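Participant:
Protein chains in written order, with UniProt numbering: chain V, 1 to 200; chain Y, 1 to 200; chain W, 1 to 200; chain A, 1 to 200; chain U, 1 to 200; chain L, 1 to 200.
Below you can see the structure in the form of structure tokens.
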């Protein structure tokens, strides 16, 4: 049995702007990924609305700093074979940082956390796949540069990279989130990448 | 679709003292509960080795304070219909508190967190079911009293209660954890209770 | 006996720019409100220079994050009948956020804290009255929009709203704080609103 | 105008074990002290159920660590002439420390916080009066030693000391809290001490 | 024996942009200062890449907030005669604050921490010397104003001031850090200032 | 140039019970170690009175939790070749844990922090040498067992171990700290161990 953790924000939680409501379980991309990968892999979904890579945002009764929460998840879902991280959209909010370069630094921090995590039972460290979220609607400053930064980072640290913009797009309603079809498509498109990384 | 969060410690993670290793996915009690409840319910497992109800324990690179981590999970898995909390065993460690009365106060805090949690989309608050862990091997001071305290608390605050000692027991190896058969049995025994609480 | 908590920043503390010094006790708006309401109501003043709605500002040896400090005050002054919150001016500092939309999100968080607070003795939750601070001197970006955002928020969540700009204005010296007459006038103007909310 | 901050726990909040409820405003000791001192002094009450001197207790949705909360109060009520600290009873709980020596160390920390607090407007630091709470009912380990430790500490650091046991006693109901008459009596008995310290 | 703490960021750590690597021990400015001052003075170097005056930056597995770390160093190296603080460059990053006025406020906070620090053995408080870092390469917004702000602050609070730009300059490679010769020169130039302040 | 970090508590700071005062610089064990090792090695001393392995102790205006402070030091003194950790005595205080088994768990956490630390410049991780402090005077519960636990731990995780009790002893005055001669002797005795570990 292989275990994959999907660590993300509202795009992973499944925020449906047409409600607002949450997409049905079967439409969220981690569920689609699970269907594609079948019974030999357990896909764990952990998406939080508003989660950033590594920055505080106290506007909710939840800890939105992805770097503070990740270590505990690495333990509670250990042993992990792969961590898929799709974060960065909330870093682009003007009151967080609004700067794709900073999101890249936050992503770099998350990768370091995965690689330095203390596993008392001695499991090997999981692989990492970073996913650039689909580009928010035109006009959002810097959004288009995120994928380039992430690809460069993945090369530098030696982890996997996937650009969601190649397979899905944000909805018209808020220009940030995905409709059901697009979120399912993302899970399906990630499946072959995951299979290669897990050598399935 | 109903969603149930199983919030616990190593007994929920599935610590197998005969390894030490983690029990196979299918043997962990949340998986057994999922099987029993079928497709109309999603069971989310979140068990961390060493997790306490509401106390700090800095001996791991993970946040073991159950009260600090719970709010974020309530958001990332929202909307929830039921939260099953099986914690308290680690509160009984001498260097945490070693006192079932204090574990009860910690459990009371967790229930208050569930009930006061801010849900921006306005979902109704989930029900709570507290589970007293199986009594650790004889000789552990106060362990036997935990179930009584939890039952009293459940009456007082109006939530569900289940005593795991009625259906399973700890293993001989360390007198704390459960073998595969016992952990499966716990999930199966919880199913009818959950069905009643969810009015399935 | 009814109890009202006045939760604010330097405008509530009573910062007198002509000193700098603190306004005399009788000139601060919570004192004026107390005089108007008389003996049947206790008005508690809790104003901190530099306090924000929900953001960290480490430039003082005091915790300026209003969201971190509020829960304890809700307990130490329980049972409360009304919480008046006049915050947001410090959120407008360029190094905090400088954005009235974000101040509104912070205010929303404070209201959620009041409503979700755990009161062990079971007192009913207090009502909330949000007060938009007087508009800072012309030229401050976004300052004029705060009142509109707060009014909209009050409608949305169902709490009271009062726009201080209708009854008082900031002083010439720093364009931020109020002189003694204006701060007294605010307390007097709030009295009838509070009487209605408390059904006095 | 002189300002006095009364910093304490449930004995200052006014916990009435016969309810449980809060004592009427006029019966709490800070109110009695206010009556005795008259209009030239403002007495600020800040009592929180469960507050310790300097230790974490996560069993409530409020920060019970007196050392973490005090700096902000020193600023929000500045300029202060006197800080009266009556804490230590909760330090004696078995799950906090249960040791009067440790409570003394916590009280020492609070005094250091008052003395090292940064006041941006340059007000002189307030005087400190530490009050040993009335001795809890017989049988509580170490409770009787607290007053001795506090007196010794007051001598060492040069602050005021008052032993509440000389003028009031705990009630029969829970052996910890005071009835209305005793709590009033404490405020009255503190008045002459405060007058001397403030040179009124 | 006198003790001097050098509290800084990468300019104190000795970041050599030509590597990137760390400058040799003998080339770092605290070492040069030590050589100049001789055996009667102990110079302690504590420089961290990315350290700010008083702001959080979670992009590293180290606490970069200078205000949170300083109190512990004041104790671990007590008794101190002088604290030299050269910080502010990282405050100028766009995602921290990018504003020299805010860096000044952070520096003011650090000075308040030194002056209010609780020393249990009663050592006198150390003197403070603030050092404006060399101006980053042209085009960096606001960089040139930092020295002016620091000088003004030093006058206001009565501490020492030194402008590094008078004796050294940043390298061409990244326009931020110093080469070996410049960092040595800074330590040599600080020596006479330190001698005066320590009355050597 | 090799760099060695000496991470400890009052025994490393150089607490002289006959004062109380701090031992002269030349008498502290890190200084003695520096003399023995000569110019090719830089010995960095970081000892804090009251420091524990991994537990909070809020009785000072400094962070005594060794696990919270260590990551920053690993960065500010990088690249490190060896970290010598002599902690555990303060864990034995009754109000911390008073249990050598728990001190061992805290030491295990510190070793994990060293090994998982993220070094952005890619330096190899430093070696670790754990030192059991000299046994406190007879009668201290559990003190004698600490060395055995640490030796066992060193074997298990593959790091160096040294028992200070073999070469030095605590003073008569408080039964906890060392006089000048003993602290010097510790540094001298550690030198050959360090030479072997650094392959000098």
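In this text, a Cβ means the ideal position worked out from N, Cα and C, and glycines have one as well.
Given the structure is predicted, the values throughout are model-derived calculations rather than measurements.
For residue 121 of chain V, which of helix, strand or coil comes out of DSSP?
Facilitator: Numbered from its first residue, the first chain carries residue 121 of chain V at position 121. Of the three classes helix, strand and coil, the one that applies to residue 121 of chain V here is coil, per DSSP.
Participant: Consider the Cβ of residue 85 of chain Y: report whether some Cβ of chain W lies at a distance smaller than 9 Å.
Facilitator: Taking the first residue of the second chain as 1, we reach residue 85 of chain Y at position 85. Answer no: the Cβ-Cβ gap between residue 85 of chain Y and chain W never drops below 9 Å.
Participant: My assumption, with CB atoms under 8 Å, is that residue 69 of chain Y sits in contact with residue 72 of chain V. Please give the rounded CB distance.
Facilitator: As a working note, residue 69 of chain Y is residue 69 in the second chain. As a working note, residue 72 of chain V is residue 72 in the first chain. Sure, about 6 Å apart at Cβ, within 8 Å.
Participant: Counting only Cβ-Cβ distances shorter than 8 Å, please list the residues of the stretch 39-66 of chain A near chain Y, keeping chain order.
Facilitator: Cβ contacts with chain Y: 56, 58, 59, 60 and 61.
Participant: Do we get a CB-CB distance below 9 Å when we pair residue 114 of chain L with the residues of chain Y?
Facilitator: Along the sixth chain, one-based indexing puts residue 114 of chain L at 114. No, its Cβ sits nowhere closer than 9 Å to a Cβ of chain Y.
Participant: Any idea if residue 196 of chain A is buried or exposed, counting beta-carbon neighbours within 10 angstroms, 16 or more meaning buried?
Facilitator: Translated into the one-based positions of the fourth chain, residue 196 of chain A becomes position 196. Exposed.
Participant: Contact defined as beta carbons within less than 8 Å: I believe residue 131 of chain U pairs with residue 162 of chain U. What is the distance between those atoms, to the nearest angstrom?
Facilitator: Indexing the fifth chain from 1 puts residue 131 of chain U at position 131. Indexing the fifth chain from 1 puts residue 162 of chain U at position 162. Between residue 162 of chain U and residue 131 of chain U the Cβ distance is about 5 Å, and since that is below 8 Å, they are a contact.
Participant: How long is the line joining the alpha carbons of residue 101 of chain V and residue 98 of chain Y, rounded to whole angstroms?
Facilitator: Locating residue 101 of chain V in the first chain gives position 101, counting from the first residue. Locating residue 98 of chain Y in the second chain gives position 98, counting from the first residue. Their Cα atoms are separated by approximately 48 Å.
Participant: If residue 13 of chain A sits next to residue 48 of chain A, beta carbons under 8 Å apart, how far is it from one beta carbon to the other, in whole angstroms?
Facilitator: In the fourth chain, the residue the question calls residue 13 of chain A occupies position 13. In the fourth chain, the residue the question calls residue 48 of chain A occupies position 48. Confirmed, about 6 Å.
Participant: Let me see if you follow: with CB-CB separation under 9 Å, is residue 128 of chain A close to chain L or not?
Facilitator: Numbered from its first residue, the fourth chain carries residue 128 of chain A at position 128. Output row for residue 128 of chain A: interface = no.
Participant: Indicate whether at least one CB of chain V lies closer than 9 Å to the CB of residue 95 of chain U.
Facilitator: The residue given as residue 95 of chain U occupies position 95 in the fifth chain. Output row for residue 95 of chain U: interface = yes.
Participant: Taking its Cβ as the centre, do 16 or more other Cβ atoms sit within 10 Å of residue 106 of chain V, making it buried, or is it exposed?
Facilitator: The residue given as residue 106 of chain V occupies position 106 in the first chain. Buried.
Participant: Measuring straight from C-alpha to C-alpha, what distance separates residue 64 of chain V and residue 50 of chain V?
Facilitator: Mapped onto the first chain, residue 64 of chain V falls at position 64. Mapped onto the first chain, residue 50 of chain V falls at position 50. The alpha-carbon atoms of residue 64 of chain V and residue 50 of chain V are separated by roughly 6 Å.
Participant: Taking DSSP as the reference, what is the three-state secondary structure of residue 101 of chain Y?
Facilitator: The residue you call residue 101 of chain Y lines up with position 101 of the second chain. It is helical.
Participant: Tell me which residues share the same chain as residue 59 of chain A and place their Cβ nearer than 8 Å to its Cβ, disregarding the 5 neighbours each side in the sequence.
Facilitator: Mapped onto the fourth chain, residue 59 of chain A falls at position 59. Cβ neighbours of residue 59 of chain A beyond the five flanking positions: 50.
Participant: Is the separation between the beta-carbon of residue 25 of chain W and that of residue 18 of chain W shorter than 9 Å?
Facilitator: Within the third chain, numbered from 1, the residue matching residue 25 of chain W stands at position 25. Within the third chain, numbered from 1, the residue matching residue 18 of chain W stands at position 18. Not in contact: residue 25 of chain W and residue 18 of chain W (Cβ atoms no closer than 9 Å).
Participant: On the criterion of 16 or more Cβ atoms from any shown chain inside 10 Å, does residue 173 of chain W qualify as buried, or is it exposed?
Facilitator: Here residue 173 of chain W corresponds to residue number 173 of the third chain, with the count starting at 1. By the neighbour-count rule (16 or more Cβ atoms within 10 Å), residue 173 of chain W is not buried but exposed.
Participant: Am I right that residue 27 of chain U and residue 183 of chain U are in contact with their C-beta atoms under 8 Å? What's the rounded C-beta distance?
Facilitator: If you number the fifth chain from 1, residue 27 of chain U lands on position 27. If you number the fifth chain from 1, residue 183 of chain U lands on position 183. 6 Å between Cβ atoms; contact.
Participant: Do we get a CB-CB distance below 9 Å when we pair residue 88 of chain V with the residues of chain U?
Facilitator: Working through the first chain from its first residue, we reach residue 88 of chain V at position 88. Chain U contact via Cβ: absent.
Participant: Select from W:151, W:29, W:22 and W:43 the residue whose C-alpha is nearest the C-alpha of residue 1 of chain W.
Facilitator: Indexing the third chain from 1 puts residue 1 of chain W at position 1. Of the candidates W:151, W:29, W:22 and W:43, the one whose C-alpha sits nearest the C-alpha of residue 1 of chain W is W:43.
Participant: Go ahead and pull the three-state DSSP assignment for residue 53 of chain A.
Facilitator: One-based indexing of the fourth chain puts residue 53 of chain A at position 53. It is coil, neither helix nor strand.
Participant: Would you say residue 118 of chain U reaches chain A, if we count a Cβ-Cβ gap shorter than 9 Å as a contact?
Facilitator: Within the fifth chain, residue 118 of chain U is the residue found at index 118, counting from 1. At least one chain A Cβ lies under 9 Å of residue 118 of chain U.
Participant: Straight-line CA distance for residue 133 of chain A to residue 126 of chain A?
Facilitator: Start at 1 with the first residue of the fourth chain, and residue 133 of chain A comes out as number 133. Start at 1 with the first residue of the fourth chain, and residue 126 of chain A comes out as number 126. Going from the Cα of residue 133 of chain A to the Cα of residue 126 of chain A covers about 21 Å.
Participant: Taking Cβ positions only, does residue 21 of chain Y come closer than 9 Å to chain A?
Facilitator: Counting from one through the second chain, the residue named residue 21 of chain Y turns up at place 21. Taking Cβ atoms only, chain A never reaches closer than 9 Å to residue 21 of chain Y, which makes this a no.
Participant: Strictly by DSSP, which residues pair up with residue 5 of chain Y?
Facilitator: As a working note, residue 5 of chain Y is residue 5 in the second chain. DSSP, once it has assigned bridges, lists Y:44 and Y:83 as partnering residue 5 of chain Y.
Participant: Anyone know if the C-beta pair for residue 84 of chain V and residue 7 of chain V falls short of 9 Å?
Facilitator: In the first chain, counting from the first residue as 1, residue 84 of chain V sits at position 84. In the first chain, counting from the first residue as 1, residue 7 of chain V sits at position 7. For residue 84 of chain V and residue 7 of chain V, yes; Cβs fall inside 9 Å.
Participant: Taking beta-carbon pairs under 7 Å, can you tell me which members of the stretch 97-109 of chain W lie near chain V?
Facilitator: So the list reads 97, 99, 102, 105, 106 and 109, given in the order they occur along the chain.
Participant: For residue 179 of chain W, which of helix, strand or coil comes out of DSSP?
Facilitator: Translated into the one-based positions of the third chain, residue 179 of chain W becomes position 179. It is coil, neither helix nor strand.
Participant: According to the neighbour-count rule (16 or more other Cβ atoms, all chains shown, within 10 Å of its Cβ), is residue 46 of chain W buried or exposed?
Facilitator: Translated into positions along the third chain, residue 46 of chain W becomes position 46. Burial call: buried.
Participant: Span of the beta strand (DSSP E) holding residue 129 of chain U?
Facilitator: One-based indexing of the fifth chain puts residue 129 of chain U at position 129. 127-132 is the extent of the beta strand (DSSP E) around residue 129 of chain U.
Participant: If distances are taken between C-alpha atoms only, which option among V:109, V:82 and V:76 comes closest to residue 66 of chain Y?
Facilitator: Residue mapping note: residue 66 of chain Y aligns to position 66 of the second chain, counting from 1. Considering only alpha carbons, the answer is V:76.
Participant: Return the first residue and the last residue of the alpha helix (DSSP H) that residue 148 of chain L is part of.
Facilitator: Residue mapping note: residue 148 of chain L aligns to position 148 of the sixth chain, counting from 1. 146-157 is the extent of the alpha helix (DSSP H) around residue 148 of chain L.
Participant: Note down the Cα distance separating residue 181 of chain V from residue 167 of chain V, rounded to an integer number of angstroms.
Facilitator: As a working note, residue 181 of chain V is residue 181 in the first chain. As a working note, residue 167 of chain V is residue 167 in the first chain. Computed Cα separation, rounded: 11 Å.
Participant: Exposed or buried, which one is residue 152 of chain A when buried takes at least 16 other CB atoms within 10 Å?
Facilitator: Here residue 152 of chain A refers to the residue found at position 152 of the fourth chain. Exposed: under 16 other Cβ atoms inside 10 Å.
Participant: Can you tell which of W:74, W:103 and W:170 has its C-alpha closest to the C-alpha of residue 114 of chain W?
Facilitator: By 1-based counting over the third chain, the position of residue 114 of chain W is 114. Checked all of W:74, W:103 and W:170; the closest Cα to residue 114 of chain W is W:74.
Participant: Between the beta-carbon of residue 82 of chain U and the beta-carbon of residue 186 of chain U, is there less than 9 Å?
Facilitator: The residue given as residue 82 of chain U occupies position 82 in the fifth chain. The residue given as residue 186 of chain U occupies position 186 in the fifth chain. No, the pair does not count as a contact, with Cβ atoms beyond the cut-off.
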